[in-house]
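This report refers to the structure that appears directly beneath it.
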Amino acid sequence: MTTAKIPVEQLTEDQAKDELAHLAKEIAEHDRRYHAEDAPTISDAEYDALQRRNLAIEQFFPHLIREDSPSRRVGAPVSGKFEKVRHKVPMLSLDNAFSDEDVIDFVARIRRFLKMEAHAPIAMTAEPKIDGLSLSIRYENGRLVSAATRGDGQVGENVTANARVVADIPTVLAGDIPEVLEVRGEVYMTHRDFLALNERQRAEGKQTYVNPRNTAAGSLRQLDPSITAARPLKFFAYAWGEVSEMPAQTQMGMVEALKSYGFRTNELMCLCETARELLEHYHAIEERRATLGYDIDGVVYKINDLALQQRLGFVSRSPRWAVAHKFPAEKAFTILRGIDIQVGRTGALTPVARLEPVTVGGVVVTNATLHNAEEIERLGIKIGDTVQVQRAGDVIPQILGYAEDRRPADAKDFVFPTVCPCELKTPVVRDATAGGGEGVVRRCSGEFACPFQRIEHLRHFVSRRAFDIEGLGEKQIEFFFHDPDLPVKSPADIFTLAERDATNFKKLKDKEGWGAVSASNLFSAIEARRTISLDRMIYGLGIRHVGERTAVTLARGYGSWKEFHDAALAIAGGDIAARDEMDALEDIGDAVIDAIATYFAEEHNRRLVEALAAQVNVLEAERPVADSPVAGKTIVFTGALERMSRDEAKNMAERLGAKVAGSVSSKTDLVVAGPGAGSKLKKAAELGVEVIDEDTWFQRIGG
Ligand code: IVH
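All residue numbers in the sequence shown are consecutive under the numbering used here, ending with 734.
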C-alpha cells in the first residue's frame, strides 16, 4: 500500500519516511534489473516518475533524506563478479525530454539560468543517444590502463581485460595526448552483428539475446575475455572523465580531439543554436534511425561551451547542461508462444498474445492484444510464429505481422473457443453490431453471473482514470472479490469495507499479504475518493461506449449527478425528449445513447448505481460557456506559452466551449502559437488556418 498519489505537501512525516524507504527499495530494484540483469520491467518514463517523486519528497523533507537515497546514486550497484573501481569523476546520467515542449523548456531554462536574453542564440550540440552501455577507459601516457562500466555512477566494474579486446577501442593512442585521459562513450552492437551472433548461439544451442543492447552488455561482462573478443563490439566516444590538460574548450572540440586520438565518434553530431534547430536535427536523425544499423533511443543535446557547462553544473545525478530527447514507440520481433482468452467487463472475449519476453522501447513486453478472431485471421499468425510487436507510449503492445521465413513446421492454428472460459462455461455469442471500432465481438452470454465480467467491472471502476483508488489495483480487487469475510461484489461494497472490517471478527490487517499500515492506508485511500468528480463517476460505471472523453462531455452537459441520472433513467424508459437532449451534446450519438439506455434499463445496474450513489458524494461539473467567442471552435496550442501553462490553456479553452486538438488539420479553426512553434505553424500556414499569439488570445476571450 503506498502514499504515492498524495501530494507531497500533504504527506505526514511518517508517511514521507515510509514512502522514501519504499522508493529507495523500488528504484534500487529497477536499477538492478536494468544494469545487472539487462532486463528492465518498466519504461524510462515510469522510472523517471519514481525518481522525481523521490526528489520532491526529499526537497520537502530534507531531514529525511536516506543514506541509500536513489538521488545519491546513478544506476545499480555493481553485480559482484568483477572487481570494483571508483570513478575519479562520477559517471552521471542524463535528464530526459519527451516532447518538443520539454526541449523548448530545456533551452529556456538554460537561458534563464545564464541570465541570457529570451531568444539569444546559444551553441549546443545534438547527437544520437546510442542504446548500449557506457564505458570509461583510462589512458596514462597514451596507454590503456583500465576500463570500467558505469555501475552506480560512483563505483563501476573493472572490465579492463575485456575492453582491451574490443577492436574499436585503441590500446595505444596516437598524437599529442594528455598525460591522463579518461575517454567515455558507448559500447554497442550493430543489428547485423547481433542477428549473426544470435544465429550462431542458436546453432550451438546456447542462450540467445533479446536485443543488441543486452547482447553488448552481456558480451562486455563476460568473465572470460576470449568470449568478449569473439563478440563484435563497437564503441563510440562522446565524453570524458579525468583529463590532465584539456585539448579543447568546447564539446565539439573535445569530440574532434577524441577522434584525432583514434576513437570513432558519431558523424551525426552537429552544432545548433536554438530549440528549433535542435528539433529539426532530432527529426532528421529520427528519419535515418531505421537505416543506421545500430540502436539509438533518442538525441542528446549538450551546451557546447565547456565554461558554460561548468557554470550550469548538475542537479542531483544529471547535468543541467544536457538532456536526452527520447524517441517514441518502437518495434521488435519475438515468438508468439500462445493465445489466451480474456473476458472483458462487457463480456467481450479478447484474444491476448503470450509472447516470448522482448524489450521494446526499453520495456519488457510479454503480451499483446489481438482484438478479435478476425484480427488473428487478418494477421495470418499461428502459434510458434516470430511476430513483430510495436509499443507506443502507454498503450498495450500490438502485433504488426509475422516473419514468413521463420515459421516453424509445427506452427499451430488458433481455434477460437465457443464457450466462456469462466466456470459457467456459457456459450459465446457473435456480436457484429458492436460498432465503435470494435468490429465483430464474441461475447460471453453470462452477463452478471459471469465472474470474469464482474471482476472486470470492478477493475474498471477503480482504474486510474475512474475512481483511481490507491492500493486497490487488479490484484486486490481479485482478492476482495473472493474474500469470504470482506467480499466486494459491486462498487458500493468498496465504500463499506472499513465499516464492515470494524465489526468483523477476522480483521483485514491480520490477513495474509496485509498489515496494520496497508489496511489503514487502503481505508484512507478509499475515504479520499468518497468525493468524486462527475465525469469520473460516469466513466467509472463502465457503460459501453462511454469512454473518458464522453464522460467529460456528459458531465459538462448535465452538470450534476442528479440531472445525469434522471436523464439516463428517462432515456432508458423511452423518453424521446430526454434522448434528443443528450443527442444535442457534441460528439454524442446513437451508439452512446443506446448503450446508456441499455445499461439503465437493466434492473441489476440500476440497483448497483443507486447503492453506489448512496455511498459517494459527486461533485458538480463546471458547465462550459455557450456563447464565448471560441465556443465550438477547434484550437491548437503550440510553442512556448508564457502567460499560462499548457494544461491551463487547455482547461481555459474547454471551459469556454472550445475543443483542444494536438495537431493541426483541416478541422482546426485557430492556432495559438508561442515562441519556438515549428511544424504546426507551417502546417497552419499551408492550410490557411488563422494563427494568433498569446496576447491576442487573451484579448479575444476577454481575459
Ligand atoms: S552524455 C554527463 N552522450 O545515456 C552525461 N550519453 O542517460 C554523460 N548515452 O550514461 C553522458 N549516448 O550511457 C551522452 N551521445 C551520448 C550518449 C549517452 C548514449 C548514454 C550513456 C549515459 C546515458 C544517460
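Backbone N, C-alpha and C fix where the C-beta goes; we use that ideal spot for every residue, glycine too. All figures in this text were calculated on a predicted structure; none of them were measured in a lab.
*Considering only residues of the same chain and omitting the five flanking positions on each side of I366, which have a CB-CB separation below 8 Å?*
The answer, listed in chain order, is L386, E387, G415, D416, T417 and V418.
_Ordered list of alpha helix (DSSP H) runs contained in the stretch 482 to 569, each at least 4 residues_ = 482 to 493, 505 to 513, 522 to 525, 528 to 534 and 547 to 559
*Determine the closest residue to P359 out of K538, G329, L175 and G369, with distance taken between C-alpha atoms.*
G329
*Tell me whether K290 counts as near ligand 1, meaning its Cβ is closer than 7 Å to at least one heavy atom of that ligand.*
no
*Tell me whether the beta-carbon of A87 lies closer than 8 Å to the beta-carbon of E501.*
no
*Would you call the stretch 662 to 677 and the stretch 586 to 602 in contact, with 3 or more CB pairs under 8 Å?*
no
*beta strand (DSSP E) segment containing K357, residue limits*: A353 to K357
*Out of I569, F364 and S250, which has the shortest C-alpha to C-alpha gap to V389?*
F364
*Would M300 pass as a contact of N335 if the rule is Cβ separation under 8 Å?*
no
*Under 8 Å by Cβ, that's how I've got V691 and K711 pegged, so tell me the actual separation to the nearest angstrom.*
Between V691 and K711, the beta carbon gap of about 13 Å keeps them out of contact (Cβ cut-off 8 Å).
_Between V331 and ligand 1, is there a pair consisting of the residue's CB and a ligand heavy atom that are separated by less than 7 Å?_
yes
*Is Y269 near ligand 1, judged by its Cβ being under 7 Å from some heavy atom?*
yes
*Thinking just about the alpha-carbon of each residue, which of E685, I153, R97 and V649 is nearest to the one in D658?*
E685
*Cβ-based neighbour list, P458, same chain, cut-off 7 Å, excluding 5 preceding and 5 following*: Excluding five sequence positions before and after P458, the CB atoms of its chain that fall closer than 7 Å to its own CB belong to T449, V450 and S476, given in chain order.
_Contacts around G467, its chain only, beta-carbon distance under 7 Å, and the 5 residues preceding and following it disregarded_ = In this prediction, G467 has a pLDDT of 43, which is less than 50 and means its spatial position is unreliable; nothing more can be read from the coordinates.
*Report the option in V471, L616 and R637 whose CA atom is closest to the CA atom of A748.*
The structure shown does not extend to residue 748, since the chain spans only 32 to 734, so no value can be given for it.
*Terminal residues of the continuous alpha helix (DSSP H) containing T629?*
D621 to A632
*Excluding sequence positions up to five away, which residues of its chain have a Cβ less than 8 Å from the Cβ of V519?*
L489, I508, F511, F512, I525 and L528
*Contact check, S165 vs R244, beta carbons under 8 Å*: With contacts defined by Cβ atoms closer than 8 Å, S165 and R244 do not form a contacting pair.
*Can you tell me the Cα-Cα spacing of R97 and I557, whole angstroms?*
30 Å
*If you draw a straight line from the C-alpha of W352 to the C-alpha of L309, how long is it?*
Their Cα atoms are separated by approximately 14 Å.
*Run through DSSP, which three-state label would T43 get?*
coil
*Confirm, please, whether the CB-CB distance from K265 to D199 is below 8 Å.*
yes
_Considering only their Cβ atoms, is the gap separating V460 from R422 smaller than 8 Å?_
Taking 8 Å as the Cβ cut-off, R422 and V460 do not qualify as a contacting pair.
*Minimum C-alpha distance to A14 - residue among E406, Q429 and R376*: Residue 14 lies beyond the range of the chain shown here (32 to 734); nothing can be said about it.
*Assign K357 to buried or exposed, taking buried as 16 or more other Cβ atoms, counted over all protein chains shown, within 10 Å of its Cβ.*
buried
*Going straight from the alpha carbon of G187 to that of D62, what length do you get?*
Near 14 Å, if we compare the C-alpha coordinates of D62 and G187.
*Taking P382 as part of the beta strand (DSSP E), name the residues at either end of that continuous run.*
Going by DSSP, P382 is part of the beta strand (DSSP E) stretching over L380 to V391.
*Would you say R174 and V203 are within 8 Å of each other, going by their C-beta atoms?*
yes
*Cβ of A440 versus every heavy atom of ligand 1: is any distance shorter than 7 Å?*
No.
*Taking 7 Å as the line, does the beta carbon of K698 fall inside it for any heavy atom of ligand 1?*
No, Cβ of K698 sits at least 7 Å from all heavy atoms of ligand 1.
_Checking the sheet assignment: what are the DSSP bridge partners for T72?_
Note: T72 sits in no beta bridge, so no partner.
*Please classify D726: does DSSP put it in a helix, a strand, or coil?*
helix
*Would you identify the three-state DSSP class for F113, choosing helix, strand or coil?*
If DSSP states are grouped into helix, strand and coil, F113 belongs with coil.
*Please look up how many angstroms separate the CB atoms of V120 and N189, rounded, as I've assumed it's under 8 Å.*
The Cβ separation is near 16 Å, so there is no contact.
*Report whether the distance from the Cβ of L600 to the nearest heavy atom of ligand 1 is below 7 Å.*
no
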